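So the protein sequences, as listed, match chains A and B. Residue numbers for the first sequence follow the numbering used here, so the first one is 1 and each next one is one higher. Residue numbers for the second sequence follow the numbering used here, so the first one is 326 and each next one is one higher. Every residue gets a Cβ at the ideal spot worked out from N, C-alpha and C, and that includes glycine. Quantities reported herein were computed from a predicted structural model and do not represent experimental measurements. What follows is a short report on a single structure.
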Amino acid sequence: MIQNPNDRPVKDKKIRMLIAGYPGIGKSTLSLSAPAPLHVDVDFGIDRIEPQYRAPYIQPKDYEEIRHDLGMDVADKPDALAAVKKELEPFQTIVIDTGGKMLTLMSQWAMKIDPKYGQRDGSLSLKGYGFVGREFQRFMDHCFYILDKNIVIVFHAIEEKDGDNVKLRIKVEGQTKNNVWEPMDLGGFVEIQGNTRTIGFSNCERYFAKGTRGVNGVYKIPTLEADTPNNFLTKLFEQYNAKSEAEVAMIAAGKAKYEAAMKAGTDLIVSVTDSDTATDAAQKLSALDHALTSKDELRKLLADKVADLGLKWNKDTKSYEKVEA
Amino acid sequence: MSLLVTQSLISSWNYLLRENPYSDATTEDTAMDEFITVLRRFPTPITEAIQNGIDFEEMVTRILGGFYVSDKDPWFSAAKKIAGILSGAQLQVKVSKHIEIEGNDVLLYGRLDALKAGTIYDIKFSKGYDRGKYIHSPQHPMYLDIVPDADEFSYLISDGINVWTETYRREEVQSIQYVVQLMFGWLKDHNLWETYETCWGSAK
């Protein structure tokens with residue numbers, strides 16, 4: 001079924017998010033503030049979280065166990081998959097803590113299923129990195145599209161020198177560090193500024209994050225007191241969806257205007273056959289009700305057309321003329 | 326007189342400052358030589374890396390144009406993925422804008438790899454890639470300045486196998502005009518203003 005992206009309901013859109021920060025800064029507790037989380041505690045670090053903020057968890061010893069618990073190994077068996085989905089029904093968010101450790105388990109699994117993905121020293125081969133990158137994408141797609149869950153993946157951050165600057169990046173080896181960002185809707189770096197913890201979603205000198213029109217800039221993470229609910233991400237996701245809805249409405253209006261201008265302009269340009277029709281089209285193109293970059297795009301289309309016809313703009317007469325060979 | 330400014334001129338100047346911030350015309354170093362070559366508008370040699378970039382972009386253009394490209398080519402899959410993103414876009418769009426800086430009429434000029442529905446695209450072919458690689462590039466601030474109707478700039482980066490995107494929204498990008506102003510000051514301080522005016526100036 002073909003659907004118009006502008007008609008897509010966004011109220012309950014699931015979100016894929018990456019959280020990065022130094023060890024011990026509170027990333028796990030923050031990640032568990034997402035709606036109804038299932039804590040995939042790959043790091044076995046649940047003891048470091050205050051008891052009141054802990055959530056139902058699994059502690060997988062290998063990647064096969066993650067695949068099994070989340071139904072990836074039965075994705076092509078509808079009945080078995082339905083049973084896994086039923087078991088996961090109470091959860092809205094899958095929290096992977098940490099992504100770096102999961103990628104390590106994923107790498108070990110890859111080398112186990114095919115030795116060519118590994119090298120003698122136990123690290124991944126180039127092919128292995130490619131395979132793990134694709135498996136990570138499959139994992140994300142399974143949780144997002146098949147299980148219909150939010151995904152929050154926690155990564156440790158490390159410092160990297162860049163000239164005089166110190167930059168933060170996620171602690172993942174090889175090209176995978178770039179690939180893990182690709183499917184994410186949001187990616188934020190947690191830092192402490194004074195006594196305040198913050199999470200930043202906009203690109204800056206310190207890090208390259210991932211925000212959207214709805215969620216960007218630096219957010220203050222509230223300090224958790226005894227009676228404070230741990231719901232920062234739940235609220236952020238609500239904000240994201242509310243803004244997405246407004247954004248979709250705004251984009252729909254702009255896009256409709258853009259499509260109309262492009263259609264009218266393209267029709268005009270198709271009708272250009274000589275200098276007179278070209279001059280006429282140029283005037284009419286300027287008068288169109290443009291949106292987004294329709295004006296520049298149509299100008300380029302017209303430029304290509306007049307070039308094909310051997311026409312040139314005369315600044316004095318303000319019209320196109322045939323260029324004599 | 327109108328003074329032309331392109332992103333490649335600013336890039337070359339940025340590179341010089343990053344490589345050796347204490348360079349001047351009397352210093353012997355490669356970055357300064359390269360900048361002087363660009364400043365004098367001498368042709369720059371086409372390195373293997375540059376040629377790879379040209380070939381990859383050409384492959385994307387061929388796929389978009391419906392021309393035959395062998396699916397056995399190791400770059401095919403990545404080029405097809407980028408072509409998918411660029412489907413329906415206008416390619417090689419020349420754009421320009423006049424601005425005034427310190428009383429000079431400055432012509433910002435650029436050629437966009439692709440433009441579609443409010444997004445400017447630039448194809449990069451790079452052996453190595455780290456997320457955020459282009460954060461200091463003058464390309465996105467400059468092109469977003471020249472095309473006021475575009476609201477974002479997306480680098481489509483490939484190593485021939487993988488494809489990554491690095492997107493900058495208008496609201497997170499600083500104005501290029503301040504950078505141009507700084508470059509003008511630097512050219513004057515280093516007695517290169519005259520060379521710049523001679524090589525990049527033109528009748529209005």
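Listed from N- to C-terminal order along the chain, which residues in the stretch 304-316 of chain A have their beta-carbon within a distance smaller than 7 angstroms of any beta-carbon of chain B?
none
Best match in Glu496(B), Ile482(B) and Trp511(B) for proximity to Ala404(B) [C-alpha to C-alpha]
The residue you call residue 404(B) lines up with position 79 of the second sequence. Checked all of Glu496(B), Ile482(B) and Trp511(B); the closest Cα to Ala404(B) is Ile482(B).
Could you spell out the range, first to last residue, of the alpha helix (DSSP H) harbouring Thr277(A)?
Translated into positions along the first sequence, residue 277(A) becomes position 277. Run containing Thr277(A): Ser275 to Ala287, per the alpha helix (DSSP H) assignment.
Whether Lys397(B) touches Val488(B) by CB criterion (7 angstroms):
In the second sequence, counting from the first residue as 1, residue 397(B) sits at position 72. In the second sequence, counting from the first residue as 1, residue 488(B) sits at position 163. No; because the gap between Cβ atoms is not below 7 angstroms, this pair is not in contact.
Give a yes or no on whether 7 angstroms exceeds the smallest Cβ distance from Gly435(B) to chain A.
For the purposes of this step, residue 435(B) is identified with residue 110 of the second sequence, where counting begins at 1. No, its Cβ sits nowhere closer than 7 angstroms to a Cβ of chain A.
Can you grab the Cα-Cα spacing for the pair Leu507(B) / Trp518(B), in whole Å?
Residue mapping note: residue 507(B) aligns to position 182 of the second sequence, counting from 1. Residue mapping note: residue 518(B) aligns to position 193 of the second sequence, counting from 1. So the two alpha carbons sit approximately 12 angstroms from each other.
Please name the residue or residues paired with Lys513(B) in a DSSP beta bridge.
Walking along the second sequence from the start, residue 513(B) turns up at place 188. Lys513(B) is not bridged to any residue.
Please classify Tyr454(B): does DSSP put it in a helix, a strand, or coil?
Reading the second sequence from its first residue, position 129 is the one you call residue 454(B). Coil.
Since Ala20(A) sits in a beta bridge, which residues does DSSP pair it with?
On the first sequence, residue 20(A) is found 20 positions in, with the first residue counted as 1. Ala20(A) pairs with Phe155(A) and Phe189(A).
Residue-chain proximity (Thr98(A), chain B), Cβ-Cβ < 7 angstroms
For the purposes of this step, residue 98(A) is taken as residue 98 along the first sequence, with counting starting at 1. It does not: the Cβ of Thr98(A) has no partner Cβ on chain B nearer than 7 angstroms.
Mind listing the chain B neighbours of Gly163(A)? Cutoff is C-beta to C-beta under 7 angstroms, in chain order.
As a position in the first sequence, residue 163(A) is number 163, starting the count at 1. In chain order: Arg343.
How far does the beta strand (DSSP E) with Val166(A) in it extend, from its first residue to its last?
Here residue 166(A) refers to the residue found at position 166 of the first sequence. It spans Asn165 to Ile170 - the beta strand (DSSP E) in which Val166(A) sits, taken as one unbroken run.
I'd like to know whether the C-beta of Leu268(A) is nearer than 7 angstroms to at least one C-beta of chain B.
Position 268 of the first sequence, counting from 1, holds the residue named residue 268(A). With 7 angstroms as the cut-off, Leu268(A) does not count as an interface residue toward chain B.
Starting from Val460(B), find everything on chain A with Cβ-Cβ shorter than 7 angstroms and list it in chain order.
Counting from one through the second sequence, the residue named residue 460(B) turns up at place 135. Looking at the sequence shown, residue 460(B) is not Val but Ile. Asn203 and Phe208, listed in chain order.
Apart from the five residues just before and just after Val84(A), which ones in its own chain have a Cβ nearer than 6 angstroms to its Cβ?
In the first sequence, the residue the question calls residue 84(A) occupies position 84. Within the same chain, Val84(A) has close Cβ partners Gly71.
Is the distance from the Cβ of Tyr459(B) to the Cβ of Glu496(B) below 7 angstroms?
Residue mapping note: residue 459(B) aligns to position 134 of the second sequence, counting from 1. Residue mapping note: residue 496(B) aligns to position 171 of the second sequence, counting from 1. Result no, Cβ atoms of Tyr459(B) and Glu496(B) do not sit closer than 7 angstroms.
When the cut-off is 7 angstroms and only beta carbons count, does Glu159(A) lie next to chain B?
Reading the first sequence from its first residue, position 159 is the one you call residue 159(A). False, the Cβ-Cβ gap to chain B never drops below 7 angstroms.
Counting only beta-carbon atoms, is Lys300(A) nearer than 7 angstroms to chain B?
Here residue 300(A) refers to the residue found at position 300 when the first sequence is read from its first residue. Contacts with chain B at 7 angstroms (Cβ-Cβ) include Lys300(A).
7 angstroms is my cut-off, CB to CB: does Thr293(A) come that close to chain B?
Indexing the first sequence from 1 puts residue 293(A) at position 293. Closer than 7 angstroms to some Cβ of chain B, the Cβ of Thr293(A) qualifies, so yes.
Could you list which residues in chain A have their beta carbon closer than 8 angstroms to that of Leu440(B), in chain order?
The count along the second sequence starts at 1 and reaches residue 440(B) at position 115. Within chain A, the residues near Leu440(B) are Thr293, Asp296, Glu297 and Lys300.
Determine, using beta carbons only, whether Ile471(B) and Lys441(B) come nearer to each other than 7 angstroms.
Here residue 471(B) corresponds to residue number 146 of the second sequence, with the count starting at 1. Here residue 441(B) corresponds to residue number 116 of the second sequence, with the count starting at 1. No, Cβ-Cβ distance for Ile471(B) and Lys441(B) is not below 7 angstroms.
Simplified DSSP state of Pro37(A), which is helix, strand or coil:
Counted from its first residue, the first sequence places residue 37(A) at position 37. Taken through DSSP and simplified to helix, strand or coil, Pro37(A) comes out as strand.
Report yes or no: is there a C-beta of chain A within less than 7 angstroms of the C-beta of Trp489(B)?
The sequence position of residue 489(B) within the second sequence is 164, counting from 1. Chain A, which has a Cβ nearer than 7 angstroms to the Cβ of Trp489(B), makes this yes.
Listing by chain order, which chain A residues have their CB less than 9 angstroms from the CB of Tyr454(B)?
If you number the second sequence from 1, residue 454(B) lands on position 129. By Cβ distance, chain A contributes Gln175 and Asn178.
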